[in-house]
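The block underneath contains the structure these notes are about, expressed in structure tokens.
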Amino acid sequence: MGKTNRQKRHKTSQQSEERTENDASAKPPLRLAVFDLDYTIWQPEMYQLYGEPTLKPIDNKYNKRLSAQVLKEARTTKAGYILTDRRNSPMRVFGGAAVALSEIERLKAAGVDIQAAVASKTDAPSWARICMDHLVIDNDCTTTLISCFDNGHLVEISYGSKRQHLTRLHKKTGIPFEQMAFFDNESGNIRSVSALGVKCFYTPRGMQIQDWNKAKECFELLPAPTNTTTTLDEKESS
Ligand SMILES: [Mg+2]
544 MGKTNRQKRH KTSQQSEERT ENDASAKPPL RLAVFDLDYT IWQPEMYQLY GEPTLKPIDN
604 KYNKRLSAQV LKEARTTKAG YILTDRRNSP MRVFGGAAVA LSEIERLKAA GVDIQAAVAS
664 KTDAPSWARI CMDHLVIDND CTTTLISCFD NGHLVEISYG SKRQHLTRLH KKTGIPFEQM
724 AFFDNESGNI RSVSALGVKC FYTPRGMQIQ DWNKAKECFE LLPAPTNTTT TLDEKESS
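Here the sequence shown is numbered in my numbering, starting from 544 and rising by one per residue.
Encoded structure:
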């Protein structure tokens with residue numbers, strides 16, 4: 544015998560309650576990862592530079608003694624060249640930033656709804672732009688920082704509270720604050736942005752791989768259109 548309407552209504556109500564409980568415990572999807580620049584994505588900070596960063600050959604008398612690790616972090620679009628200031632301090636991307644941005648790029652390429660953005664109060668926006676145009680995150684030296692941030696469309700650089708930066712990114716993208724992660728090496732910025740409901744990650748040693756892993760534990764990643772069960776970890780191992 545078929546179920547009565549009353550039984551059907553009871554079953555639907557039960558399913559709805561179960562769904563609500565599951566939804567309450569579900570992690571939000573990570574759709575926008577927002578990074579500070581100075582001492583989160585790179586070092587040194589812009590205010591520590593002596594003059595505009597420019598491309599210099601790695602075999603000159605100042606750079607030829609740099610370690611392989613420094614040269615890797617200082618990779619640029621021009622083979623054999625790094626960006627330095629007048630005192631030959633090389634601009635370097637933190638390893639954790641390169642890993643996080645590379646993973647986001649791979650997910651984007653697979654069709655996952657995720658993006659990366661910048662929220663910065665750096666003193667020298669034009670120098671920061673030079674760094675984003677030339678510093679790269681991959682061994683092929685083809686993926687520039689600026690390309691990771693939608694070619695500059697998702698770069699917010701200005702004075703003021705970082706809450707304003709995140710609010711502008713929210714308006715630009717339509718992505719809810721709960722679906723954003725924010726990384727910054729200053730605790731004041733972390734406190735300020737947390738108040739919006741954004742999940743924040745304090746990076747006092749610059750962006751480390753552990754910071755990125757911690758963030759991934761707090762979110763689910765939206766599936767790629769062709770694979771409804773894709774997670775970031777599965778993507779990494781594939
Ligand atoms: Mg900073």
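Positions of the beta carbon are idealized from the N, C-alpha and C atoms, including for glycine.
For clarity, every value in this text was computed on a predicted model and none was experimentally measured.
### Nearest candidate by alpha-carbon position, reference residue 660, set 691, 675, 649
Your numbering for residue 660 matches position 117 in the sequence shown. Residue 691 is the option with its Cα nearest to residue 660.
### Message
For a minimum of 4 consecutive residues, which ranges assigned as the alpha helix (DSSP H) are wholly contained in the segment 611-685?
### Response
611-616, 638-652, 668-677
### Query
Quick one: complete alpha helix (DSSP H) runs, 4+ long, within the segment 577-602?
Scanning the segment 577-602 for uninterrupted alpha helix (DSSP H) segments of 4 residues or longer gives nothing; none is fully contained.
### Query
How big is the Cα-Cα spacing for residue 564 and residue 570?
Reading the sequence shown from its first residue, position 21 is the one you call residue 564. Reading the sequence shown from its first residue, position 27 is the one you call residue 570. In this predicted model, residue 564 has a pLDDT of only 46, less than 50, meaning its place in the structure is not dependable; the value taken from the coordinates is given anyway. So the alpha carbons of these two residues sit roughly 12 Å apart.
#### Entry: C-alpha distance - residue 719 paired with residue 709, whole-angstrom precision
Start at 1 with the first residue of the sequence shown, and residue 719 comes out as number 176. Start at 1 with the first residue of the sequence shown, and residue 709 comes out as number 166. Across the structure, residue 719 and residue 709 are spaced so that their CA atoms are roughly 10 Å apart.
### Query
Around the C-beta of residue 748, are 16 or more other C-beta atoms found within 10 angstroms, so that it is buried, or is it exposed?
Translated into positions along the sequence shown, residue 748 becomes position 205. Burial call: exposed.
### Any residue whose CB is nearer than 7 Å to a heavy atom belonging to ligand 2, listed in chain order
This structure lacks ligand 2; its bound ligands are ligand 1.
### Minimum C-alpha distance to residue 629 - residue among 652, 664, 593
Here residue 629 refers to the residue found at position 86 when the sequence shown is read from its first residue. Taking only the C-alpha atoms, the option nearest residue 629 is 593.
### Query
To which residues of the same chain is residue 643 closer than 6 Å at the C-beta, ignoring the five residues directly before and after it?
If you number the sequence shown from 1, residue 643 lands on position 100. Hits under 6 Å: 755.
### Query
In three-state DSSP terms, what is residue 564?
Within the sequence shown, the letter at position 21 stands for residue 564. In this predicted model, residue 564 has a pLDDT of only 46, less than 50, meaning its place in the structure is not dependable; the value taken from the coordinates is given anyway. For residue 564, the three-state secondary structure derived from DSSP is helix.
### Query
Between residue 744 and residue 767, which are expected to be in contact by the criterion C-beta below 8 Å, what is the C-beta distance as a whole number of angstroms?
The residue you call residue 744 lines up with position 201 of the sequence shown. The residue you call residue 767 lines up with position 224 of the sequence shown. Distance from residue 744 to residue 767 at the Cβ level is roughly 24 Å; contact not present, criterion being Cβ atoms closer than 8 Å.
### Query
Per the contact definition of three or more C-beta pairs closer than 8 Å, is the segment 647-667 in contact with the segment 619-638?
No, because fewer than three Cβ pairs between the segment 619-638 and the segment 647-667 fall closer than 8 Å, the two stretches do not touch.
### Query
Start and end of the alpha helix (DSSP H) containing residue 758?
Your numbering for residue 758 matches position 215 in the sequence shown. That run of the alpha helix (DSSP H) goes 752-761.
### Message
Check whether the segment 715-730 and the segment 670-684 touch, using three or more Cβ-Cβ pairs below 8 Å as the test.
### Response
no
### Query
Cα separation between residue 578 and residue 750?
Translated into the one-based positions of the sequence shown, residue 578 becomes position 35. Translated into the one-based positions of the sequence shown, residue 750 becomes position 207. Roughly 9 Å separates the two Cα atoms.
#### Entry: Neighbourhood of residue 793 by C-beta, 7 Å cutoff - its chain only, sequence neighbours within 5 removed
Because the chain is modelled from 544 through 781, residue 793 falls outside the range shown and cannot be assessed.
### Message
DSSP three-state label for residue 718, please.
### Response
By one-based count along the sequence shown, residue 718 stands at place 175. Coil.
### Message
Once the 5 residues before and after residue 702 are set aside, which same chain residues still bring their CB inside 8 Å of it?
### Response
Locating residue 702 in the sequence shown gives position 159, counting from the first residue. Listed in chain order, the non-local C-beta contacts of residue 702 below 8 Å within the same chain comprise 664, local neighbours out to five positions each way being set aside.
### Query
Secondary structure at residue 698, three-state DSSP: helix, strand or coil?
As a position in the sequence shown, residue 698 is number 155, starting the count at 1. Strand.
### Query
Candidates 585, 679, 693: which alpha carbon is nearest residue 687's?
Against the sequence shown, residue 687 aligns to sequence position 144. Ranking 585, 679, 693 by Cα distance to residue 687 puts 679 first.
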